[in-house]
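Trainee: Here it is, the structure, as structure tokens.
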Ligand code: GLA
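Numbering (the working numbering), first residue to last: 3 to 822.
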């Protein structure tokens, strides 16, 4: 809801939050409050506004002495350069005379439908959030004018009541005669009263995305940014800011994100006055945008959320926002198919025969989609050539992608294909024909990454060519799924043939061009399920998710490492957006061996698939895979679209946070991963434990749920566990009547025919017990006591717990009552 009181107090409310700002006496736009919902009637403005009777010592004082204030000790909706606010500005414009001082004051406001703000984004080729068809949601547009009348600044606020999110964006319009230059325009600014703040951001690199990092900021400035041209695996744009004692389930937490896929910067900064400024937007180091008379520049959309229910509360808000207001199209809530991807099964060594064998196995196992990854086009036998040449490699595929696709579909599978449309190899017909289409400074040697260059998507002719090439590939292959990859960071930012003064536009212009191409192709092929990828999660952001409903979360398919990565994603992104595959053991990135059941547990928390050579697996593993596929299909809707909760590690995140003020927890949290996914109606849930490291004689673990209905009665049981006898090593002799030599012929033979039964967990309990006390699980094996009452719980073991409501028969109950 948007309330405007006395024409100068703006109160934006969502279901649980309030956002309040006002027009100051000199026309300044002053921020007053963002947090738990408040009532601002009865002259709340007077209570909230900062009082001034004198200037702060050496601070600059605003120029109207009747309405004095010190700009660096105020909370602003947007901070500017040159008039005494010494914190980083939200906007930096270079005027005709070279100066940067800016004074934007209130001019007007307008309440509009969110759909009208969407139109502004569409015009600018930017992705954006949206409200459901019909556009019930409301937005506020505030127009500020620069005192010299040469520019306007428009601020948009979209209010999403259902998920406690307010999105913001800013637009500068050049109203003067001369060209001006935008060097910085943040999407959102949030000034708040605080003298300490815990910042949580997510960092990493290839195969190590989304490592959660905490910093306690008491002064100075924290910066989270990406500079490689993508939203990056180094620093994801999703950041949380909390009171230091905030825990998983309690405490005030703010979060920001950005609907953008390029270089971004988030910062938290203390000036000298117990106020913290949070900014997010395009990284100003990569923005220099000349704006001619009459032109405007719109920032990407920034996303703001608040919860007083700790990190869990923020994750609930973010998940709902992404699902409801970012992901769109046919696949928004459509169950995603179980796929087999050829990459880790065969890498570049593919052929029609090999792929068909794999696909046949996949179909036999009950999988639904076969994806041919890299290596099918041009002369692509390794990563050194052919990107850009999107024609069939007839040596590998004599019948082309068309023939292969037909044969795959005849097996009853959908067909998917891999492309990397933004790239070109020097060794390609495309580059030989159009060397000027690569992002490349002709006066320098070009630095390559993975032997490839980036196509200059800021050029119309390049975009048109790629749209036509991709359309041809998608039509020719009649594909149902596309994996859209992007495998290098930017270097040598330069648009060949462009003017010197326009070169500063390229990093952003590239991203706008990319969005134009993605928009055209997703509109043209609405049935295709698109999956984003950038060497895994090098471009995992809300911009991509506005076109593609899911993204390959990481090239690291190791189940143990994935727990940390997926844990990181889970803070800001719902599990329906991150895909996860079962791959070979030993794993190809870490060489770690993990049981198939563990790989299933971990991959089934995300959008599930397989990526290994099924043809070489022993029959007992194929049998297990068939079971997994069955289980996943039965649970798929809940696993993909249910409510995902983190339950904390061995020393639970919760208790550790309480003692440590929220620090030192990440490591412990990931040695034991506990999660639960609960159906929307709370009638069913799947619980998970993954043990990364065994701690001997740590016998008892409980499984305490979150999100079940306190009143409902549930059946709690574990997925049946069977052990390979070889895992007991020579302890097998404790059970065997005859001596078995470890790893000897007999050991291997017994292992083929005899599996050991694992523990049974089987309980009936109320939701209140499960949510508050939790189930005390069977004791773990610690040197002795193996049997059905013992959990053999070595390194890398996992368990899945099915929790289903038992519908009580009201007639039976009343009969029981009568008997009493
Ligand atoms: C990237 C992707 C992988 C795979 C390869 C193919 O690394 O992340 O999943 O598609 O490219 O070259």
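C-beta atoms are modelled at their ideal positions from N, C-alpha and C, and glycine is treated no differently. None of the values given here were measured: they were computed from a predicted structure.
Counting pairs of Cβ atoms below 8 Å between the region 738–746 and the region 784–792, do you hit three or more?
Mentor: Touching, no, given that fewer than three Cβ pairs across the two stretches are closer than 8 Å.
Trainee: Using the beta-carbon count (16 or more within 10 Å), is residue 276 buried or exposed?
Mentor: Translated into positions along the chain shown, residue 276 becomes position 274. Exposed, by the Cβ-count rule.
Trainee: Please go through the same chain and pick out, in chain order, the residues whose beta-carbon is closer than 6 Å to the beta-carbon of residue 704, but skip the five residues on each side of it.
Mentor: In the chain shown, counting from the first residue as 1, residue 704 sits at position 702. Only 776, 778 meet the Cβ criterion.
Trainee: Assuming the contact rule is C-beta atoms closer than 8 Å, residue 533 and residue 513 should be a hit. Round their C-beta distance to whole Å, please.
Mentor: Residue 533 sits at position 531 when you count from the first residue of the chain shown. Residue 513 sits at position 511 when you count from the first residue of the chain shown. Not confirmed; about 19 Å, so no contact.
Trainee: Per DSSP, what kind of secondary structure is residue 510 in: helix, strand or coil?
Mentor: By one-based count along the chain shown, residue 510 stands at place 508. Looking at residue 510 - three-state DSSP - the assignment turns out to be helix.
Trainee: Can you tell me whether DSSP reads residue 457 as helix, strand or coil?
Mentor: For this step, residue 457 is matched to residue 455 along the chain shown. Residue 457 falls in the strand class under three-state DSSP.
Trainee: Does at least one heavy atom of the ligand GLA sit under 7 Å from the Cβ of residue 263?
Mentor: Stepping through the chain shown from its first residue, residue 263 is reached at position 261. Residue 263: no, Cβ never under 7 Å from the ligand GLA.
Trainee: According to the Cβ coordinates, are residue 90 and residue 271 closer than 8 Å?
Mentor: Residue numbering aside, residue 90 sits at position 88 when the chain shown is read from its first letter. Residue numbering aside, residue 271 sits at position 269 when the chain shown is read from its first letter. In this structure, residue 271 lies closer than 8 Å to residue 90 by Cβ.
Trainee: Determine, using beta-carbon pairs with one atom in the region 421–429 and one in the region 466–486, whether at least three such pairs fall under 8 Å.
Mentor: Touching, yes, given that three or more Cβ pairs across the two stretches are closer than 8 Å.
Trainee: Does residue 394 pass the burial test, meaning 16 or more other C-beta atoms within 10 Å, or should it be called exposed?
Mentor: Translated into positions along the chain shown, residue 394 becomes position 392. Classification of residue 394: buried, given that the 10 Å Cβ count is 16 or more.
Trainee: Taking 8 Å as the cut-off, does the region 295–314 touch the region 124–135 (at least 3 CB pairs, one atom from each stretch)?
Mentor: With a cut-off of 8 Å, the region 295–314 and the region 124–135 count as touching, because enough Cβ pairs lie within range.
Trainee: Any residues whose CB sits closer than 7 Å to a heavy atom of the ligand GLA? List them in chain order?
Mentor: Listed along the chain, these residues meet the criterion: 345, 375, 376, 385, 420, 485, 487, 489, 535, 537, 538, 554, 557.
Trainee: Short of 7 Å in beta carbon distance, which residues of its chain neighbour residue 166, apart from the five on each side in sequence? Order them along the chain.
Mentor: Locating residue 166 in the chain shown gives position 164, where the first residue counts as 1. Answer for residue 166: 16, 17, 18, 19, 307, 308, 309, 319, listed in chain order.
Trainee: Taking only runs of the alpha helix (DSSP H) that begin and end inside the region 78–161, which ones reach a length of at least 4 residues, in chain order?
Mentor: As far as the region 78–161 is concerned, its whole alpha helix (DSSP H) runs of at least 4 residues are 116–125.
Trainee: Alpha carbon to alpha carbon, how far is residue 575 from residue 330? Give it in angstroms, no decimals.
Mentor: Taking the first residue of the chain shown as position 1, residue 330 is located at position 328. Taking the first residue of the chain shown as position 1, residue 575 is located at position 573. Spanning the two alpha carbons is a distance of roughly 15 Å.
Trainee: Would you kindly report the start and end of the unbroken alpha helix (DSSP H) that includes residue 476?
Mentor: For the purposes of this step, residue 476 is taken as residue 474 along the chain shown, with counting starting at 1. That run of the alpha helix (DSSP H) goes 462–479.
Trainee: Whose CA, out of 728, 732, 580, 764, lies closest to the CA of residue 751?
Mentor: Here residue 751 refers to the residue found at position 749 when the chain shown is read from its first residue. When only C-alpha atoms are compared, the closest one is 728.
Trainee: Between the C-alpha atoms of residue 106 and residue 27, what's the straight-line distance to the nearest angstrom?
Mentor: Looking up residue 106 in the chain shown gives position 104. Looking up residue 27 in the chain shown gives position 25. The alpha-carbon atoms of residue 106 and residue 27 are separated by roughly 13 Å.
Trainee: Any idea what DSSP makes of residue 288, helix, strand or coil?
Mentor: The residue you call residue 288 lines up with position 286 of the chain shown. Of the three classes helix, strand and coil, the one that applies to residue 288 here is helix, per DSSP.
Trainee: Whole angstroms is fine: what's the gap from residue 343's alpha carbon to residue 535's?
Mentor: Taking the first residue of the chain shown as 1, we reach residue 343 at position 341. Taking the first residue of the chain shown as 1, we reach residue 535 at position 533. Rounded to the nearest angstrom, the two C-alpha atoms are 13 Å apart.
Trainee: Specify the secondary structure class of residue 323 as computed by DSSP and reduced to three states.
Mentor: Indexing the chain shown from 1 puts residue 323 at position 321. Three-state DSSP puts residue 323 in a helix.
Trainee: Closest to residue 509 by CA distance: which of 736, 176, 289 is it?
Mentor: The count along the chain shown starts at 1 and reaches residue 509 at position 507. Cα-wise, what sits closest to residue 509 is 289.
Trainee: In terms of alpha-carbon separation, which member of 219, 265, 481 lies closest to residue 273?
Mentor: As a first step, residue 273 is located in the chain shown; it is residue number 271 there, counting from the start. Closest by alpha carbon: 219.
Trainee: To the nearest angstrom, how far is it from the Cα of residue 675 to the Cα of residue 645?
Mentor: The residue given as residue 675 occupies position 673 in the chain shown. The residue given as residue 645 occupies position 643 in the chain shown. Cα to Cα, the separation comes out at about 17 Å.
Trainee: Would you grab the beta carbon distance between residue 718 and residue 763 for me? Rounded to a whole angstrom, and I think it's under 8 Å.
Mentor: Residue 718 sits at position 716 when you count from the first residue of the chain shown. Residue 763 sits at position 761 when you count from the first residue of the chain shown. Confirmed, about 7 Å.
Trainee: With a threshold of 6 Å on Cβ separation, who are the neighbours of residue 110 within its own chain once the five nearest residues in sequence on each side are excluded?
Mentor: The sequence position of residue 110 within the chain shown is 108, counting from 1. The answer, listed in chain order, is 145.
Trainee: Taking the alpha carbon of residue 455 as the point to measure from, which residue in 235, 398, 386, 405 has its own alpha carbon closest?
Mentor: Along the chain shown, one-based indexing puts residue 455 at 453. Of the listed residues, the one whose Cα sits closest to residue 455 is 386.
Trainee: Terminal residues of the continuous alpha helix (DSSP H) containing residue 755?
Mentor: Looking up residue 755 in the chain shown gives position 753. Residues 747–755.
Trainee: Output the distance between the C-alpha atoms of residue 886 and residue 295, rounded to the nearest integer angstrom.
Mentor: Only positions 3 to 822 of the chain appear in the structure, and residue 886 is not among them; the question remains open.
Trainee: Buried or exposed: which applies to residue 434, given that a residue is buried once 16 or more other Cβ atoms fall within 10 Å of its Cβ?
Mentor: For the purposes of this step, residue 434 is taken as the residue at position 432 of the chain shown. The residue is exposed, with fewer than 16 neighbouring Cβ atoms inside 10 Å.
Trainee: Between the Cα of residue 169 and those of 749, 443, 133, spot the shortest distance and give me the residue it belongs to.
Mentor: Taking the first residue of the chain shown as position 1, residue 169 is located at position 167. For residue 169, the nearest C-alpha among the options comes from 133.
Trainee: Can you tell me whether residue 470 is buried or exposed, with buried defined as 16 or more other CB within 10 angstroms of its CB?
Mentor: For this step, residue 470 is matched to residue 468 along the chain shown. It is exposed - the Cβ of residue 470 has fewer than 16 other Cβ atoms within 10 Å.
Trainee: Exposed or buried, what is residue 198 when buried is set at 16 or more other beta-carbons lying within 10 Å of its beta-carbon?
Mentor: Locating residue 198 in the chain shown gives position 196, where the first residue counts as 1. Residue 198 should be labelled exposed.
Trainee: Do you know whose CA, among 774, 771, 335, 801, lies nearest residue 780's CA?
Mentor: As a position in the chain shown, residue 780 is number 778, starting the count at 1. Cα-wise, what sits closest to residue 780 is 801.
Trainee: Pull up the CB-CB distance for residue 138 and residue 147, whole angstroms please, since I reckon it's below 8 Å.
Mentor: As a working mapping, residue 138 is identified with position 136 in the chain shown. As a working mapping, residue 147 is identified with position 145 in the chain shown. Wrong, their Cβ atoms sit about 31 Å apart, outside the cutoff.
Trainee: Jot down the residue ranges of each uninterrupted beta strand (DSSP E) in the region 157–216, minimum 3 residues, whole runs only, in chain order.
Mentor: Qualifying beta strand (DSSP E) stretches, in chain order: 167–176, 182–195, 199–205.
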